[in-house]
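Residue numbers (our numbering), protein chains in the order written: chain L, 524 to 881; chain X, 223 to 583.
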């Protein structure tokens with residue numbers, strides 16, 4: 524009984540407080556759901572930076588909210604439904620596994636607009652967007668190939684999905700180009716965010732002789748291990764410099780802010796449409812973090828040249844001649860990969876050892 | 223000085239009072255934490271406990287969702303409680319949950335895209351069987367080799383997770399999935415879809431099954447000889463031996479039932495709210511259910527209450543995140559406080575605190 528009274532009293536007070544809030548022109552309500560915590564200093568952190576940019580750019584015209592650590596699957600569908608019910612006008616769903624839940628909820632709320640990151644299913648009120656992270660992998664692959672002394676590069680991979688496989692291939696091709704003896708050791712951890720597993724993977728790779736670590740997971744755990752063991756690593760999704768001031772050579776930074784600010788502006792002025800966006804270094808969605816002084820000037824210049832050539836369109840990350848792992852030809856001399864193949868990429872290029880888990 | 227004195231019999235008054243006191247203590251401690259985070263503590267606590275039940279915009283959706291979220295927790299916890307009462311410790315419900323989903327989902331997908339009435343019950347049966355067999359492995363090893371079931375059942379969780387990853391990437395991978403891992407979505411496979419029973423509520427057969435399981439276990443413990451044997455083994459293993467309780471049979475029964483219920487929870491979740499067998503299909507229901515079982519004091523109705531309370535704080539916690547911008551870590555800490563206070567106050571049902579003067583020798 525006491526419990527109920529206390530609850531009722533709390534409710535009454537709270538209700539009064541909420542009711543007294545000023546009812547100015549309704550701001551556009553923009554929600555975000557995140558697969559990790561905003562303090563992961565990687566993937567989710569950068570999406571949240573995008574959210575803050577939306578607030579900074581649109582001020583009183585928007586109100587933003589977020590829910591973090593939402594598991595993919597049934598839980599995300601419930602969170603999305605609750606967000607739609609509570610008056611959100613635009614919702615960014617920032618992990619691949621939110622794809623089916625996003626489509627399901629979007630079908631029930633045709634007036635709410637959804638933006639799903641890294642997926643391939645769209646609807647009238649569902650857009651998709653992703654970044655060409657593999658362009659960044661070309662640049663850091665080049666640096667890694669030049670910087671390794673043991674000729675062994677350790678790669679912490681999350682899930683065997685096309686985005687991750689593209690990254691491995693892009694990095695390998697460009698490391699191999701400058702260092703024919705290079706060898707990739709790949710560990711699949713089956714998680715986006717699990718600092719303990721990521722750290723274990725980094726330790727294992729270093730013990731197996733890797734002196735450069737690359738990762739496609741969200742936390743800076745591998746970076747801290749690299750710093751501790753005195754090997755090199757690259758920031759992933761976020762710069763991660765503070766976690767490995769000596770270890771970090773460069774980084775691939777996801778900058779979602781311009782896209783998020785633009786999409787919110789589109790909703791505000793009524794021009795929002797369902798589209799598919801796949802931006803790279805050129806549009807600024809992928810950024811190459813500042814080069815460390817540890818990288819000799821000539822290698823810095825070469826890496827910058829690759830980045831510049833990608834921006835100008837002179838160079839494509841996947842330019843033939845390239846063969847598949849089994850030796851069968853993929854791209855002929857001078858031929859470049861089409862987006863369709865890249866989006867569904869499920870094979871390694873020639874030279875990578877091991878197999879994709881399946 | 224303060225002295226702790228064991229009570230001869232657990233206090234009934236305290237047993238009834240502790241949940242209320244624990245919730246009150248959680249609210250006070252939680253209020254302090256929320257205030258330190260710069261949020262209005264009253265609003266925060268109101269949002270977590272009250273918004274899912276009474277918020278005008280959200281309650282109609284959230285109320286049945288509490289049942290949907292609680293159902294797997296209750297179904298697994300009720301199965302585990304049998305073993306826990308008999309000192310048989312199944313820590314691996316998460317693995318049995320996974321194997322139920324894999325076996326049931328695999329059975330259904332093997333017949334894709336068959337349209338037949340028997341497919342759904344067949345899928346559920348296979349799900350039950352998957353969990354049952356996975357639960358019987360630690361039982362067999364315990365009975366035959368005296369292997370510790372805590373370790374074996376826990377280790378089998380990791381085996382099950384690896385197997386899940388393997389089938390999500392290979393055997394059961396959706397051939398039309400554009401190169402991505404994960405099975406076909408059972409929500410789009412009509413004869414295997416565990417659809418909602420009442421439109422708009424999300425309530426599926428798993429919720430009904432959880433309720434039935436609670437009643438069944440209650441009846442078993444109250445009226446059946448096996449229930450008596452379980453309670454006796456837990457309270458006094460020696461007495462149980464003298465009474466002719468067959469420990470081997472009891473071990474198979476408890477671990478098997480726990481596994482079967484967890485397997486059922488897995489297949490209901492897979493064919494309903496989740497839909498797809500992906501690498502990280504399991505989100506920890508099997509482990510949370512252990513907490514639910516103890517929170518409910520291993521009593522069937524206590525487990526229902528505990529499961530609903532956990533589900534309420536999950537859903538209320540999500541609302542507090544997007545309504546008040548509370549971090550999810552604060553919600554988890556709040557849930558942790560609830561468990562901490564409940565378990566620590568349970569102490570008072572078994573011990574009394576006495577103030578006594580020091581005596582001289």
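From the three backbone atoms N, C-alpha and C, an ideal C-beta is built for every residue, glycine too. Nothing here was measured: the structure is a model prediction, and the numbers come from that model.
Considering only 574/X, 560/X, 576/X and 575/X, the residue with the shortest C-alpha distance to residue 243/X is 560/X.
Along the length of the region 349-433 of chain X, whole alpha helix (DSSP H) runs at least 4 residues long occupy 371-391, reported in chain order. The region 833-843 of chain L makes no contact with the region 631-641 of chain L; the number of CB pairs closer than 8 Å stays below 3. Taking a cut-off of 8 Å on C-beta distances, the region 570-577 of chain X does not touch the region 549-557 of chain X, as fewer than three cross pairs fall below it. Membership of residue 451/X in any beta strand (DSSP E) is not indicated; the residue belongs instead to the alpha helix (DSSP H) covering 447-457. For residue 602/L, the residues of chain X that pass the 7 Å Cβ criterion are 540, in the order they occur in the chain. Between the region 859-871 of chain L and the region 675-695 of chain L, the count of C-beta pairs closer than 8 Å reaches three or more; the two stretches touch.
Using a 10 angstroms sphere on the CB of residue 525/X, the tally of other CB atoms reaches 16 or more, which defines it as buried. For residue 521/X, there is no enclosing beta strand (DSSP E), as DSSP gives it neither H nor E.
The DSSP assignment places complete alpha helix (DSSP H) segments of no fewer than 4 residues inside the region 453-511 of chain X at 459-464 and 469-491, in order along the chain. Under the 8 Å Cβ criterion, the region 748-763 of chain L counts as touching the region 560-580 of chain L, having at least three qualifying pairs.
For residue 814/L, no alpha helix (DSSP H) run applies, since DSSP gives it neither H nor E. Taking all protein chains shown into account, residue 260/X has fewer than 16 neighbouring C-beta atoms within 10 Å of its C-beta and is therefore exposed. Around residue 826/L, the same chain offers 662, 665 and 666 as residues with beta carbons nearer than 6 Å, after the five sequence neighbours per side are excluded. For residue 849/L, no alpha helix (DSSP H) run applies, since DSSP gives it neither H nor E. For residue 551/L, no alpha helix (DSSP H) encloses it; the enclosing beta strand (DSSP E) starts and ends at 551-556. Under the Cβ criterion of 7 Å, residue 684/L is counted among the residues facing chain X. In the displayed model, residue 881/L falls within coil according to three-state DSSP, outside both helix and strand. DSSP links residue 590/L through a beta bridge to 556/L. Between residue 682/L and residue 397/X a beta carbon distance of about 18 Å is seen, past the 8 Å cut, so the two are scored as non-contacting. Each residue's CA atom was taken as its position, placing residue 580/L and residue 489/X some 46 Å apart. Between the region 771-790 of chain L and the region 603-622 of chain L, the count of Cβ pairs shorter than 8 Å is three or higher; the stretches touch. Under the Cβ criterion of 7 Å, residue 400/X is counted among the residues facing chain L. Between the C-alpha atoms of residue 527/X and residue 414/X there is a straight-line separation of about 31 Å. Taking a Cβ-Cβ cut-off of 8 Å, the neighbours of residue 869/L in chain X comprise 401, given in sequence order. Cα atoms of residue 283/X and residue 536/X: separation of roughly 15 Å, rounded to the nearest angstrom. Excluding sequence positions up to five before and after residue 645/L, its CB lies within less than 7 Å of the CB of 651, 797 and 799, all in the same chain and listed in chain order. Boundaries cannot be given for residue 563/L, as no beta strand (DSSP E) includes it and DSSP labels it neither H nor E.
Within the region 270-294 of chain X, the complete alpha helix (DSSP H) segments of 4 residues or longer fall at 273-276, listed in chain order.
For residue 737/L, there is no enclosing alpha helix (DSSP H); the enclosing beta strand (DSSP E) covers residues 735-738. In this structure, residue 356/X places its C-beta atom within 7 Å of the C-beta atom of residue 318/X. If you draw a straight line from the Cα of residue 336/X to the Cα of residue 492/X, it is about 18 Å long. With three or more CB-CB distances shorter than 8 Å, the region 287-303 of chain X counts as touching the region 416-432 of chain X. Taking a beta-carbon distance threshold of 7 Å, residue 609/L counts as an interface residue toward chain X. A Cβ-Cβ distance of about 6 Å is found for the pair residue 538/X and residue 269/X, placing them in contact under the 8 Å criterion. Annotated as distal: residue 677/L and residue 603/L, with beta-carbon spacing of 7 Å or more.
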